[in-house]
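S.K.: Numbers in my numbering are just positions in the sequence shown, counted from 1, shifted up by 187.
Built from N, CA and C at the ideal position, the CB exists for glycine as well.
Predicted model only: the values in this text are computed from it and were never measured.
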Amino acid sequence: MGRLAAIRERGGTVVVVDPRRTPTARRATEWVPVRPGTDALLPFAILHTLAENGWVRRPSHLDGMVDGLDDVVALAAQFSPERVE
188 MGRLAAIRER GGTVVVVDPR RTPTARRATE WVPVRPGTDA LLPFAILHTL
238 AENGWVRRPS HLDGMVDGLD DVVALAAQFS PERVE
């Protein structure tokens, strides 16, 4: 049994985000097609939503390991889900 089948057997959900309906997408619970060329922008749209809702924070124990988070959040501000859609 493959990994995806094992996850589904345990009641898990497998979501594949891919412009193409790949073999992995066919085995998933849900396939979310994105326009070719916009799939790289999806993480920015997700980060935009997280930041807009106040769900982005850097735990203090990561202060010495995370650099530039504020810059990335600012960059993601221009990529709303509606714009990336």
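Taking all protein chains shown into account, do 16 or more other C-beta atoms lie within 10 angstroms of the C-beta of histidine 248, making it buried, or fewer, making it exposed?
M.R.: Taking the first residue of the sequence shown as 1, we reach residue 248 at position 61. By the 10 Å Cβ count, histidine 248 comes out exposed.
S.K.: Measure the C-alpha to C-alpha separation of valine 253 and valine 201 and round it to an integer number of angstroms.
M.R.: Mapped onto the sequence shown, residue 253 falls at position 66. Mapped onto the sequence shown, residue 201 falls at position 14. So the two alpha carbons sit approximately 29 Å from each other.
S.K.: Nearest-angstrom Cα distance between glutamate 269 and alanine 192?
M.R.: Start at 1 with the first residue of the sequence shown, and residue 269 comes out as number 82. Start at 1 with the first residue of the sequence shown, and residue 192 comes out as number 5. Near 33 Å, if we compare the C-alpha coordinates of alanine 192 and glutamate 269.
S.K.: CA-CA distance, leucine 256 and glutamate 272?
M.R.: Position 69 of the sequence shown, counting from 1, holds the residue named residue 256. Position 85 of the sequence shown, counting from 1, holds the residue named residue 272. Going from the Cα of leucine 256 to the Cα of glutamate 272 covers about 24 Å.
S.K.: For valine 219, which option in Leu228, Phe231 and Asp205 has the closest C-alpha, if you only look at C-alpha atoms?
M.R.: Along the sequence shown, read from residue 1 onward, the residue named residue 219 stands at position 32. Nearest C-alpha to valine 219: Asp205.
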